[in-house]
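All remarks here apply to the structure that follows.
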Amino acid sequence: MATGGCLCGAVRYEVRGPLRDVLMCHCEECRRWHGHVSASTAADRDDLVMLQDRGLRWIDSPRSEAGARRGFCAECGSSLFWDPPGRPTVSISAGTLDEPTALRVVAHWYVSQAGDYYELPGDGLPRHEFGGAGYPTQFP
Ligand SMILES: [Zn+2]
Ligand SMILES: [Zn+2]
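Per the numbering used here, the sequence shown runs over residues 5 to 144.
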């Protein structure tokens, strides 16, 4: 079973089900919130169980088309969750998982909003201008 948490331990979670492979998101909102591009897996909402939520706080994701909220640790500042209420899954920052994750980065999203301070990696993975078209429906 996958487990993870923030830097300080005030947020700990486990995932009682499958995890989606990792999407890198280059959108401006992710870059501002994470400090750079985001790397996110996702789990079914019902499979994500909090073991410790003392530090967990939520903010509205201001430009989210999905009306999502973002979950973080108020004690250490770790960026953990992206939660779109109308969808069956919650995105989880891949860097907060305990290893080994057995996951792989599979695509780049919102490359049209990529920052001007880095080059997209030549990793041969699919690049999507925006997040909408082709978004995996099983784990939106
Ligand atoms: Zn913390
Ligand atoms: Zn994003």
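Glycine included, C-beta positions come from ideal geometry on N, C-alpha and C.
Here the structure is a predicted model, which means the values were calculated and not measured.
Taking D102 as the centre and dropping the five residues before and after it, the same chain places the C-beta of T7, G8 closer than 7 Å to its C-beta, in chain order. Your pair E18 and L55 checks out as a contact, with CB atoms roughly 6 Å apart and the cut at 8 Å.
A43 places its beta carbon less than 8 Å from that of V109. Where R67 is concerned, there is no enclosing beta strand (DSSP E), because DSSP gives it neither an H nor an E. Take D51, set aside five residues on each side of it, and the residues of its chain with a beta-carbon closer than 6 Å to its own are V19, R20, G21, in chain order.
For Y17, the shortest separation between its Cβ and any heavy atom of ligand 2 does not lie below 7 Å. The three-state reading of DSSP puts G99 in helix, counting H, G and I together. When C-beta atoms of the region 106-122 are compared with those of the region 63-82, fewer than three pairs fall below 8 Å, so the two segments do not count as touching.
Its Cα nearest to that of C80, the residue D57 stands out among D57, G90, M28, R73. Taking all protein chains in view, the Cβ of L27 is crowded by 16 or more other Cβ atoms within 10 Å, so the residue is classified as buried. In this structure, S42 has its CB closer than 7 Å to one or more heavy atoms of ligand 2.
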